[in-house]
Amino acid sequence: MQHIIDHNASDPMHLGTYSKPSTFFGLVDDEMRRLGVPADLLPHGYLYGGLPDGFPFIPHPVDGYPAIGHLPLARTKPAAEAYRAVLDRMAADFQYDVQELIEKLEAEHNEWEYATKNIGWYTQDTLFFKLT
Numbered sequence: 011m012q013h014i015i016d017h018n019a020s021d022p023m024h025l026g027t028y029s030k031p032s033t034f035f036g037l038v039d040d041e042m043r044r045l046g047v048p049a050d051l052l053p054h055g056y057l058y059g060g061l062p063d064g065f066p067f068i069p070h071p072v073d074g075y076p077a078i079g080h081l082p083l084a085r086t087k088p089a090a091e092a093y094r095a096v097l098d099r100m101a102a103d104f105q106y107d108v109q110e111l112i113e114k115l116e117a118e119h120n121e122w123e124y125a126t127k128n129i130g131w132y133t134q135d136t137l138f139f140k141l142t
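If you want our numbering, it's the position in the sequence shown, counting the first as 1, plus 10.
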């Protein structure tokens with residue numbers, strides 16, 4: 011999977027280092043849900059959501075990592091906007107990490123928007139995540 015992603019304009023970005031990332035983002039989801047962020051924009055769902063429907067089968071690692079997730083690039087801006095709208099009301103323990111996620115989603119959206127308008131061969135429509 012990583013070879014496919016790398017070959018197709020991968021932008022490696024480091025989100026953070028977590029001892030239990032699934033637990034952490036599950037708690038972030040709980041906090042965002044409490045603040046009214048729509049369920050389809052909660053980060054745990056796309057960070058750990060696996061590959062898109064119709065993607066060829068790739069066996070999962072025995073220990074669950076790397077975890078693969080995806081988010082349609084068209085959803086990056088709505089997700090970033092929803093997170094930004096609640097950021098100042100979130101528990102302080104989550105604010106730094108959510109701000110980092112917002113910045114990365116906005117950067118990916120800006121690159122996607124530019125490329126779809128200015129690069130004729132550009133057809134990327136999905137943002138993939140690999141959590142290790």
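Every residue, glycine too, gets a C-beta built ideally from N, C-alpha and C. Please read all numbers here as calculations on a predicted model, not as lab measurements.
Review point. Could you give the C-beta distance for Tyr93 and Gly79, rounded to a whole number, given that I count them as a contact under 8 Å?
Key: With 8 Å as the limit, Tyr93 and Gly79 do not qualify as a contact, their Cβ atoms being about 16 Å apart.
Point to revise | Minimum Cβ-Cβ distance from Pro69 to chain B less than 8 Å | key: No chain B appears in this structure, which consists of one protein chain only.
Check your understanding: Are the segment 117-136 and the segment 46-54 in contact at 8 Å, needing three or more beta carbon pairs?
Key -> no
Practice item. Please confirm if the segment 121-128 is in contact with the segment 35-42, defined as three or more CB-CB distances below 8 Å between the two stretches. Key: no
**Study point:** First and last residue of the uninterrupted beta strand (DSSP E) at Thr136
**Key:** Thr136 to Leu141
**Study point:** Alpha carbon of Phe65 to alpha carbon of Pro76, nearest angstrom
**Key:** 17 Å
Point to revise | Test item: CB-CB of Leu61 and Met100 under 8 Å | key: no
Check your understanding: Tell me which same chain residues have a C-beta within less than 8 Å of the C-beta of Ile112, skipping the five on either side of it?
Key -> Ala90, Tyr93, Arg94 and Leu97
Check your understanding: Do you know how far the Cα of Leu141 is from the Cα of Leu81?
Key -> 14 Å
Review point. Roughly how many angstroms separate the alpha carbons of Ser29 and Glu118, rounded to a whole number?
Key: 26 Å
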